[in-house]
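Peer 1: Order-wise, the sequence lines are chains A and B.
Each residue of the first sequence is one higher than the last, beginning at 1 in my numbering.
Each residue of the second sequence is one higher than the last, beginning at 1 in my numbering.
Using N, Cα and C, we set each Cβ at its ideal position, and we do this for glycine too.
Since the structure is predicted, the reported quantities are computational estimates derived from the model, not experimental observations.
Just dropping this structure here.
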Amino acid sequence: MSNPSAATDSQTVQIEDYKFGFHYPDSSVFKTRKGLDADVVRAISKHKDEPEWMRDFRLRSLEMFQKKPMPNWGGDLSDINFDEIFYYAKPSEKKWKSWEEVPEDIKETFDRIGIPEAERKFLAGVGAQYDSEMVYHNLRENLSEQGVVFSDPETGLRDHPELFKKYFGTVIPYTDNKFAALNSSVWSGGSFVYIPPGVKVDIPLQAYFRINSENFGQFERTLIIADKDSFVHYVEGCTAPIYTTDSLHSAVVEIIALPGSRVRYTTIQNWSSDVYNLVTKRAVAYENATVEWVDGNIGSKRTMKYPSIWLMGEGAHGEVLSIAFAGKGQEQDTGGKAVHAADNTSSVITSKSISKDGGIATYRGHIKVEEGVRNARSHFVCDALILDPESGTNTYPYMDILADDVTIEHEAKVSRISEDQLFYLMSRGMDEAEAAMMIVNGFLEPLVKQLPMEYAVELNRLIELEMEGSVG
Amino acid sequence: MKIIIKDLRASINGQAILKGVDLELDSGHVHALMGPNGSGKSTLSNVIFGHPAFEVTGGEVLVDGDNILEMEPNERALLGLFLAFQYPVEVPGVTVGRFLKRAVDIRAGESKTKGFVKELREMMDYLEIDQQFINRYLNEGFSGGEKKRMEILQMLMLKPTFAILDETDSGLDIDALRIVSKGVNKLREGNFGALIITHYQRILNHIRPDYVHIMYQGRVVTSGGGDLVDALEAHGYDWIREQYGIEEENDVQSVSSD
Ligand SMILES: Nc1ncnc2c1ncn2[C@@H]1O[C@H](COP(=O)(O)OP(=O)(O)OP(=O)(O)O)[C@@H](O)[C@H]1O
Ligand SMILES: [Mg+2]
């Protein structure tokens, strides 16, 4: 069980339509038993050798998790059996700074996903998580010299205890919702990012999350602190093998954008079709800070995720770009939220969804303007494209406006791919699948063109894979 | 290329629109198709191209001897057929440049499209289309005339052997009409034929047709040379109605009784 380098057996590699559906044998070096109780939480905490306050925080969170009811809205979660899940699996004894040292099967996994190559080509730093722990972490030297911190949160807690404790759990308290409570009790891995004042990290940092084990729950935790006038673009990607049983991914991401800073957080979520993806993401933006969430949800069985931004300081600006693809058996329940708590704040929420083969894409947008706030501006647009009669879409815009000096624009549109559009493109020589793809790409184009080129290409490729085999 | 349409019948939602069209077309000649509103001209174009909304209930469309009615629209296009739509659809988010590049690649094979951008720019100049249109989304927000010009640009880039122009002249100002005609005449220099569907003589003054066909209530009722246009201009469709209208009603009865 603890000999990871010998575990590479090509016989066990499964590749299906979903390109990342393969898995390697479970070679965890430590794993908690199935199910969740205080003992499991203590075991995780002990294994991480963390301070008492964190252990107590975990135990408090566990109680909250047990107390809170399941959400009675959003996707159908009734199939999740919390007793059948493994909450912690440690893939290796340590983490590495060079891919050569990473155990063979883990390295191969990330090679197949293309992470080392991407790192060489266009990333400032990479973290790679396999089940519960980050196995690889590296940051370009010039950035660490400038004081940039990019590590897993365990290391962050150990090396920067004050900074960590000052912000951890402040944006998303463990009481926030059932899944935030769950994450708070069993969190493991994720990222801890600190950008010092004035430092602009001009190429992205990327973390990649991979589930390998079966019946597994991944609960990473990310805390990003952008100090005054700094800039960072953080990217996360995720995939998992295809098993016959469901897995759970429940992350918490907290962003603190201090005055004048700008944080862009891009997610390309491509979980396999048996993963419940229930994530809480929230940012606070202080004076003149900007936070942008770019949230692409392509995979998973059910996703419930609404990145939000609390505009706490004057002049703060927030944007959410949400792209969802709901295919066969999928429910993508996504959207965004902006809370205007200061004067002269602005927000833009743009959502585009595609549903196909019976998939359901639901958009939930929430705009809140607090009492007495002056000159708040918000614009939200929601476009849904439905590819066939079996598929569906829902739109739930909520508005909570407690001030007068507010400008809100809202547009929502549902369209179906039209026979005439397909016919037009086909009359120019494209086959039906390509014509449909071109229409879908065109639908997404205004959003995709805002992504850095590499991610735009990746997103288009994933959607192309989803579209394949369904039309024509 | 020889296109022979034999007793073509098609309906939509169970309602017969084409009621036995017989028509012979070929490259090397320009044919005009005229006929009152609703007589089935656009339906004929759509059925020749395989629009899925129409059900073919009888007859054949032979292209160089092969029946094309079972082919997908894209396969028909690749035979060298082109349709300039009466109402081109908008395709949001897809730029003219990207769309045309792909269409030309499919038609000519990717290896042969090296000079694509250069050729596109030349053709746009030729049709007096602003180069900005390369980056605009296909037909989105185009004026009526701009859409029509875009159809002709596509035709020039795709170089079909036979093109159907469905009322490309409608809604064009005098200059645009001249430009569009220039585009068609350019292709006429090679092995090219066209079916020009129109209500007006003016386009036919620019593009002299070799043959004129008249469609009425779902059939081509008469064909002739260019002088048929003059007869139409002089008398309207009344004489067609007088001559073929009665027969039509008999036909309706015979259709509904079988
Ligand atoms: N999608 C459709 N649904 C129902 N009826 C249709 C449809 N398309 C065409 N028709 C009917 O078929 C008949 C022929 O229409 P078509 O568009 O072919 O005429 P046309 O000769 O091109 O007329 P125009 O000169 O006005 O363009 C009309 O009565 C029209 O209403
Ligand atoms: Mg017509």
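Cβ atoms of residue 359 of chain A and residue 330 of chain A: under 7 Å apart, would you say?
Peer 2: Indexing the first sequence from 1 puts residue 330 of chain A at position 330. Indexing the first sequence from 1 puts residue 359 of chain A at position 359. The answer is yes: Cβ separation under 7 Å.
Peer 1: Measuring from the CB of residue 172 of chain A, is there a heavy atom of ligand 1 at a distance below 6 Å?
Peer 2: Position 172 of the first sequence holds residue 172 of chain A. False, no ligand heavy atom lies under 6 Å from that Cβ.
Peer 1: Residues of chain B with CB under 7 Å from residue 446 of chain A, in chain order?
Peer 2: Here residue 446 of chain A refers to the residue found at position 446 when the first sequence is read from its first residue. Under the 7 Å cutoff, chain B gives 93.
Peer 1: For the region 445-458 of chain A and the region 9-29 of chain B, state whether three or more C-beta atom pairs, one from each stretch, are separated by less than 8 Å.
Peer 2: Segments in contact, no.
Peer 1: Mind checking if residue 437 of chain A is an interface residue toward chain B, Cβ cutoff 7 Å exclusive?
Peer 2: Counting from 1 along the first sequence, the entry for residue 437 of chain A is found at position 437. Chain B contact via Cβ: absent.
Peer 1: Would you mind sorting residue 40 of chain B into buried or exposed? The rule is 16 or more other CB atoms within 10 Å of its CB.
Peer 2: For the purposes of this step, residue 40 of chain B is identified with residue 40 of the second sequence, where counting begins at 1. Looking at its Cβ environment, which holds 16 or more other Cβ atoms inside 10 Å, residue 40 of chain B is buried.
Peer 1: If residue 17 of chain B and residue 61 of chain B are in contact, beta carbons under 8 Å, what's the gap, nearest whole angstrom?
Peer 2: Reading the second sequence from its first residue, position 17 is the one you call residue 17 of chain B. Reading the second sequence from its first residue, position 61 is the one you call residue 61 of chain B. In fact, because the Cβ distance is near 15 Å, the residues do not count as touching under 8 Å.
Peer 1: Should residue 258 of chain B be flagged as near chain A, meaning a C-beta pair shorter than 7 Å?
Peer 2: Numbered from 1 along the second sequence, position 258 holds the residue referred to as residue 258 of chain B. Because the pLDDT of residue 258 of chain B is 38, which lies under 50, any placement of that residue in the model is unreliable, and the number read from its coordinates should be weighed accordingly. So no, residue 258 of chain B is outside the interface.
Peer 1: How many Å lie between residue 238 of chain B and residue 116 of chain B at the Cα?
Peer 2: Indexing the second sequence from 1 puts residue 238 of chain B at position 238. Indexing the second sequence from 1 puts residue 116 of chain B at position 116. The straight-line gap from Cα to Cα measures roughly 49 Å.
Peer 1: Put residue 428 of chain A into one of helix, strand or coil per three-state DSSP.
Peer 2: In the first sequence, counting from the first residue as 1, residue 428 of chain A sits at position 428. Residue 428 of chain A: coil per DSSP, three-state reduction.
Peer 1: Buried or exposed for residue 158 of chain B, please, with buried defined as at least 16 other CB atoms from any protein chain shown within 10 angstroms of its CB.
Peer 2: Mapped onto the second sequence, residue 158 of chain B falls at position 158. The residue in question, residue 158 of chain B, is buried, as its Cβ has 16 or more Cβ neighbours within 10 Å.
Peer 1: What three-state label does DSSP hand residue 497 of chain A in the structure shown?
Peer 2: An answer regarding residue 497 of chain A cannot be provided, because it is not within the stretch 1 to 472 covered by chain A.
Peer 1: Check whether the Cβ of residue 42 of chain B lies closer than 6 Å to any heavy atom of ligand 2, and answer yes or no.
Peer 2: Locating residue 42 of chain B in the second sequence gives position 42, counting from the first residue. Answer for residue 42 of chain B: yes, Cβ within range of ligand 2.
Peer 1: Once you ignore the five residues that flank residue 416 of chain A on each side, which residues in its own chain have a CB closer than 7 Å to its CB?
Peer 2: One-based indexing of the first sequence puts residue 416 of chain A at position 416. Within the same chain, residue 416 of chain A has close Cβ partners 386.
Peer 1: Starting from the Cα of residue 161 of chain A, find the closest Cα among A:320, A:194, A:361 and give me that residue.
Peer 2: Against the first sequence, residue 161 of chain A aligns to sequence position 161. Of the listed residues, the one whose Cα sits closest to residue 161 of chain A is A:194.
Peer 1: Once the 5 residues before and after residue 327 of chain A are set aside, which same chain residues still bring their CB inside 7 Å of it?
Peer 2: Here the question's residue 327 of chain A lines up with position 327 in the first sequence. For residue 327 of chain A, where only same-chain residues beyond five positions count, the Cβ hits under 7 Å are 356, 357, 359, 466.
Peer 1: Can you give the beta carbon distance from residue 363 of chain A to residue 346 of chain A, rounded, assuming they're within the 8 Å contact cut?
Peer 2: The sequence position of residue 363 of chain A within the first sequence is 363, counting from 1. The sequence position of residue 346 of chain A within the first sequence is 346, counting from 1. Contact flag wrong, Cβ pair sits at about 20 Å.
Peer 1: Under 8 Å by Cβ, that's how I've got residue 162 of chain B and residue 1 of chain B pegged, so tell me the actual separation to the nearest angstrom.
Peer 2: Numbered from 1 along the second sequence, position 162 holds the residue referred to as residue 162 of chain B. Numbered from 1 along the second sequence, position 1 holds the residue referred to as residue 1 of chain B. Going by Cβ atoms, the distance from residue 162 of chain B to residue 1 of chain B rounds to 5 Å, so yes, they are a contact pair.
Peer 1: Under the criterion of a Cβ to heavy atom distance below 6 Å, does residue 38 of chain B qualify as lining ligand 1?
Peer 2: One-based indexing of the second sequence puts residue 38 of chain B at position 38. Residue 38 of chain B Cβ: within cutoff of ligand 1.
Peer 1: Name, please, each residue of chain A whose Cβ falls closer than 9 Å to the Cβ of residue 52 of chain B.
Peer 2: Start at 1 with the first residue of the second sequence, and residue 52 of chain B comes out as number 52. In chain order: 419, 422, 423.
Peer 1: Alpha carbon to alpha carbon, what distance is there between residue 32 of chain A and residue 40 of chain A?
Peer 2: Working through the first sequence from its first residue, we reach residue 40 of chain A at position 40. Working through the first sequence from its first residue, we reach residue 32 of chain A at position 32. Looking at the two C-alpha atoms, the distance is approximately 6 Å.
Peer 1: Taking the straight line between their C-alpha atoms, what separation do you get for residue 471 of chain A and residue 65 of chain A?
Peer 2: To locate residue 471 of chain A, count along the first sequence from 1; it is residue 471. To locate residue 65 of chain A, count along the first sequence from 1; it is residue 65. Here the model assigns residue 471 of chain A a pLDDT of 37, short of 50, so the residue's position is not dependable, and the following value carries that caveat. Rounded to the nearest angstrom, the two C-alpha atoms are 43 Å apart.
Peer 1: Output needed for residue 462 of chain A: all residues of its chain with C-beta closer than 6 Å, excluding positions within five of it in sequence on either side, in chain order.
Peer 2: By 1-based counting over the first sequence, the position of residue 462 of chain A is 462. Contacts found: 270, 298.
Peer 1: Does the distance between the C-beta of residue 15 of chain B and the nearest non-hydrogen atom of ligand 2 fall short of 6 Å?
Peer 2: Within the second sequence, the letter at position 15 stands for residue 15 of chain B. No; taking the cut-off as 6 Å, the Cβ of residue 15 of chain B has no heavy atom of ligand 2 nearer than that.
Peer 1: Can the beta-carbon of residue 303 of chain A be found less than 7 Å from the beta-carbon of residue 277 of chain A?
Peer 2: On the first sequence, residue 303 of chain A is found 303 positions in, with the first residue counted as 1. On the first sequence, residue 277 of chain A is found 277 positions in, with the first residue counted as 1. The answer is yes: Cβ separation under 7 Å.
Peer 1: Please list the terminal residues of the continuous beta strand (DSSP E) segment that includes residue 397 of chain A.
Peer 2: Counting from one through the first sequence, the residue named residue 397 of chain A turns up at place 397. Here the beta strand (DSSP E) through residue 397 of chain A covers 392-401.
Peer 1: Which residues does DSSP list as the beta-bridge partners of residue 343 of chain A?
Peer 2: Here residue 343 of chain A corresponds to residue number 343 of the first sequence, with the count starting at 1. Answer by DSSP bridge pairing: none, since residue 343 of chain A is not bridged.
Peer 1: Tell me where the alpha helix (DSSP H) around residue 185 of chain B begins and ends.
Peer 2: Your numbering for residue 185 of chain B matches position 185 in the second sequence. Run containing residue 185 of chain B: 174-188, per the alpha helix (DSSP H) assignment.
Peer 1: Does the distance between the C-beta of residue 243 of chain B and the nearest non-hydrogen atom of ligand 2 fall short of 6 Å?
Peer 2: If you number the second sequence from 1, residue 243 of chain B lands on position 243. Answer for residue 243 of chain B: no, Cβ out of range of ligand 2.
Peer 1: Residues in the region 59-82 of chain B with C-beta within 9 Å of chain A's C-beta atoms, listed in sequence order?
Peer 2: Within the region 59-82 of chain B, the qualifying residues are 72, 73, 74, 75, 76, 77, 78, 81, 82.
Peer 1: Taking residue 545 of chain A and residue 226 of chain A to be in contact with their CB atoms under 8 Å, please state how far apart those CB atoms are, rounded to whole angstroms.
Peer 2: Beyond the ends of chain A as shown, which are 1 and 472, falls residue 545 of chain A; an answer cannot be given.
Peer 1: Under the rule that 16 or more other beta-carbon atoms within 10 Å means buried, what is residue 114 of chain A, buried or exposed?
Peer 2: As a position in the first sequence, residue 114 of chain A is number 114, starting the count at 1. That one is exposed.
Peer 1: Counting only Cβ pairs nearer than 8 Å, list the residues of chain A close to residue 16 of chain B.
Peer 2: Taking the second sequence and counting its residues from 1, one reaches residue 16 of chain B at position 16. In chain order: nothing, as chain A lies at least about 20 Å away.
Peer 1: Just to confirm, does residue 217 of chain B get its C-beta within under 6 Å of one of the non-hydrogen atoms of ligand 2?
Peer 2: In the second sequence, the residue the question calls residue 217 of chain B occupies position 217. For ligand 2, not one heavy atom lies less than 6 Å from the Cβ of residue 217 of chain B.
Peer 1: With a Cβ-Cβ cutoff of 7 Å, do residue 19 of chain B and residue 241 of chain B count as a contact?
Peer 2: Locating residue 19 of chain B in the second sequence gives position 19, counting from the first residue. Locating residue 241 of chain B in the second sequence gives position 241, counting from the first residue. No; because the gap between Cβ atoms is not below 7 Å, this pair is not in contact.
Peer 1: Would you mind listing the beta strand (DSSP E) stretches within the region 143-171 of chain A that are 3+ residues and don't spill past its ends, in chain order?
Peer 2: The qualifying runs are 149-151.
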